[in-house]
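Q: Got a structure for you, written out below as structure tokens; questions coming shortly.
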Amino acid sequence: MRILSIETSCDETAISIVDAMGGVTRPRFIVRSNIILSQAKLHAEYGGVFPALAKREHAKALTPLLEQSLKEAKLFHTKKSSAFTPALTKKLEAIFTHEQELSTAFLALIPSIKKPAVDAIAVTHGPGLEPALWVGVNFARALSLVWDIPLIPVNHMEGHIYGSLVEEKWNKLTLAPLSLPAVALLVSGGHTELVLIKKLRSYKLLGKTRDDAIGEAFDKVARMLGLPYPGGPAISKLAKEASHLEAFPLPRPMIKSGDLDFSFSGLKTSVLYAIKKLGHALTDEERLRIAKGFQDSVVEVIATKVAGAVRAHGARTVIAGGGVAANKQIRAALEAAAEQEGFVLRVPPLHLSTDNALMIAVAAYGKKPLKGAQVTRLRAQGNLTLT
Ligand code: KG4
Ligand code: ZN
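Taking the numbering used here, I'd label the letters of the sequence shown as residues 3 to 389.
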């Protein structure tokens, strides 16, 4: 089956088109198109993602991205533009009530192209920034309605889990065999969670952050160090440059808490106090040592908690997903833990660590599409959970 997937949960507008085959036992995918448009540079000015700007940029980007991906997948065929029936127009107006700009772009393109040979439309409906999610959800609902193609809502975190199982050879993807039980470490700008998977598609929350998400802490500490958004890659780069320097001493929050929860707001405050205590503009060397100290702390806490979760639940696999899982030191520490504890580590190809639509298509394969009134009732849910 051919899946068109849409992702707008944060600051990446992404669309992919894949051919999926093999069923749940041997899923395989051929990537026909995979486009990601990052808004990160626009948000850099604000030091983080600004929701109203994210919404506007998604609305601007979606229709041209759809055109580009249909063209790449050789599914773009124009026709003589024909007006929608009054009934359809009325339904579209209802979908686009809060999306004027998107509606205009949609109506300028869709009536003049032929329905593409696509079997399902997958869309991220949460968690994430609700205004941003709504743009993708409404776009997907409108396409599903006009083209009469079934709609499959996907949880963004389930997308990250499936993204981490992807093994790719050029444009052909397979999913790594998953030995259960597995523990998923989900670390992104909005999430820090450990999730137990005993059965495919069934999730149990083992622990989560009590305050800031790890990615958020990376972004905030980066800001304190005068580094650009997104902070993760910037801190990771400095920490690498600091390899010959002594790490700035910082606490390891909740490392001995005895549970699987996390806390990063105290660590962030420790960095702030340390900078204040120095009492002058940071020297290059101090900046490097703090970046290294911060990253060391995060890496040690994560590796300890993951090992704890594996032991407590007899996990055979650890799946690391989400933007922060792109971090090389975190990957290295998890690899070391895998050796020591005897579990299999699954991490995504680097380009599928941060947000993308391919992981949404892969996670959608095997899920039941919505029917009838369910499509109209589909909502964006900023706080959607996996469990
Ligand atoms: O999954 P993602 O792309 O978006 C969300 O769903 O939040 O994750 C984005 C987060 C940002 O906070 C960014 O700073 C962080 O992932 N990130 C990293 C790295 N690359 C991205 N954090 C640490 N090290 C990295 N190399
Ligand atoms: Zn994400």
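We treat Cβ as the ideally placed atom computed from N, Cα and C, and that holds for glycine.
So which residues put a beta carbon under 5 Å from any heavy atom of the ligand ZN, going in chain order?
A: Spelled out in chain order, the answer is Ser190, Asp357.
Q: If we count Cβ pairs, one from each stretch, closer than 8 Å, do we get three or more for the segment 149-163 versus the segment 285-303?
A: The answer is no - the segment 285-303 does not touch the segment 149-163, with fewer than three Cβ pairs under 8 Å.
Q: Verify the contact flag: Ile237, CB atom, against every heavy atom of the ligand KG4, threshold strictly below 8 Å.
A: Stepping through the sequence shown from its first residue, residue 237 is reached at position 235. Yes.
Q: First and last residue of the beta strand (DSSP E) that includes Leu104?
A: Walking along the sequence shown from the start, residue 104 turns up at place 102. Not the beta strand (DSSP E): Leu104 falls in the alpha helix (DSSP H), residues 102-111.
Q: How is Met3 classed by DSSP in three states: helix, strand or coil?
A: Here residue 3 refers to the residue found at position 1 of the sequence shown. Three-state DSSP puts Met3 in coil, outside helix and strand.
Q: DSSP three-state label for Arg203, please.
A: Taking the first residue of the sequence shown as 1, we reach residue 203 at position 201. Three-state DSSP puts Arg203 in coil, outside helix and strand.
Q: Please list, in chain order, all residues of the same chain as Gln1 whose beta carbon is under 7 Å from its beta carbon, the five residues on each side excluded.
A: A question about residue 1 goes unanswered here, because the residues of the chain that appear run from 3 up to 389.
Q: Between Lys81, Ala85, Ile304, Lys62, which has its C-alpha nearest Ala322's C-alpha?
A: Taking the sequence shown and counting its residues from 1, one reaches residue 322 at position 320. Out of Lys81, Ala85, Ile304, Lys62, Ile304 has the C-alpha closest to the C-alpha of Ala322.
Q: Checking 9 Å against the spacing of the C-beta atoms, do Val320 and Ala334 come in under that value?
A: The sequence position of residue 320 within the sequence shown is 318, counting from 1. The sequence position of residue 334 within the sequence shown is 332, counting from 1. Note that the C-beta distance between Val320 and Ala334 is not below 9 Å.
Q: Closest to Ile19 by CA distance: which of Gly374, Met361, Arg381, Gln383 is it?
A: By one-based count along the sequence shown, residue 19 stands at place 17. Nearest C-alpha to Ile19: Met361.
Q: For Ser355, is the beta carbon positioned less than 8 Å from some heavy atom of the ligand KG4?
A: To locate residue 355, count along the sequence shown from 1; it is residue 353. Correct: Ser355 has its Cβ closer than 8 Å to the ligand KG4.
Q: Ignoring anything shorter than 4 residues, give me the alpha helix (DSSP H) runs that lie fully in the segment 156-224, in order along the chain.
A: 158-167
Q: Quick check on Thr15: does DSSP put it in helix, strand or coil?
A: In the sequence shown, residue 15 corresponds to position 13, counting from 1. If DSSP states are grouped into helix, strand and coil, Thr15 belongs with the strands.
Q: What runs of the alpha helix (DSSP H), each 4 residues or longer, lie entirely inside the segment 26-94?
A: 42-46, 53-74
Q: Using the C-alpha atoms, what's the distance from Ser259 back to Arg1?
A: Here the chain comprises residues numbered 3 to 389, so residue 1 is not present and cannot be evaluated.
Q: What separation, rounded to the nearest whole angstrom, lies between the Cα atoms of Phe345 and Ser166?
A: For the purposes of this step, residue 345 is taken as residue 343 along the sequence shown, with counting starting at 1. For the purposes of this step, residue 166 is taken as residue 164 along the sequence shown, with counting starting at 1. In a straight line, the C-alpha of Phe345 is about 15 Å away from that of Ser166.
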